[in-house]
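To start, the structure under review is shown below, and the notes come after it.
Numbering (my numbering), first residue to last: 63 to 364.
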């Protein structure tokens, strides 16, 4: 019984290699997740330090007593710092990753912690309620480790004798395939860890440019003067961009072990694909030659 690869094999197609991303290729996600635990530890220390310092506690009470509300001053300060740290962390990580998901993730954690502290748990009048958002950070981090590993294992890459198939199964399934004769370029990226532990990302760039992203720089200048009913202005702008290989984890061979070997297999299949039409043409010519010789022999016998 053949293995269920998650896609249908073509006629005479066979799988040469099946790989998943190296665990260390998702290291940045694990680091970001561990960062939440460090944030939780820092906030816990900050809260205990405030509670144990009468001078600081008195100043905070004096300042926050001006703000109407039933929440205690030190708890309110912790909540504000909690939100500031989460928002700044989400923004910084999002800029580094070029993604809005870290900020969304931080906002969801902050909203859940605030909801529990201010609306769900207050009727029970428990002394540890202000700490619930800190525990939630640790819980979110532990769940994050599980989700990251599930996300990594959901990626699977197949090299067959006809094509490259990349599949991601997480909350939904996404798949890309590209025939070897449609690949115009191969890009390999290995960072420091990739060179040490022998893994890297391979991006097959198609003839249409799929697999490329644009790095652009924008500049503009303008001027305006006031008129009777508003302003009158003029502006100029320009843009300069360069295409670089860039693709999502499921549209590239992301973090695959032994990328040189994988690249070698792709190169061999590309060469076979280019040679195939020539070989078929030679085979056709030889067939025509045999038929012509056979026809001439029959005429001579007659």
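Note that the Cβ used here is the ideal one computed from N, Cα and C, for glycine as well. Since the structure is predicted, the reported quantities are computational estimates derived from the model, not experimental observations.
Look at residue 181 here: in three-state DSSP terms it is helix. Taking the Cα of residue 264 as reference, the smallest distance to any Cα among 220, 325, 80 is reached at 325. A Cβ-Cβ distance of about 12 Å is found for the pair residue 238 and residue 316, leaving them out of contact under the 8 Å criterion. Spanning the alpha carbons of residue 152 and residue 69 requires a straight line of approximately 36 Å.
Here residue 95 is buried: its Cβ has 16 or more other Cβ atoms, across all protein chains shown, within 10 Å.
For residue 221, the enclosing beta strand (DSSP E) begins and ends at 217-222.
Under DSSP, the beta-bridge partners assigned to residue 261 are 319. Rounded to the nearest whole angstrom, the CA to CA distance from residue 100 to residue 199 is 9 Å.
Excluding five sequence positions before and after residue 259, the CB atoms of its chain that fall closer than 6 Å to its own CB belong to 86, given in chain order. For residue 87, no alpha helix (DSSP H) encloses it, and the DSSP letter there is neither H nor E. In this structure, residue 139 and residue 122 form a Cβ contact; the two beta carbons are roughly 6 Å apart against a cut-off of 8 Å. Assignment of alpha helix (DSSP H) within the segment 143-209, counting only whole runs of 4 or more residues, yields 163-177 in chain order. For residue 249, the enclosing beta strand (DSSP E) has its first and last residue at 245-251. The alpha-carbon of residue 169 is positioned some 15 Å away from that of residue 102. The Cβ neighbour count for residue 195, taken over all protein chains shown within 10 Å, is at least 16; the residue is labelled buried. Around residue 255, the same chain offers 86 as residues with beta carbons nearer than 6 Å, after the five sequence neighbours per side are excluded.
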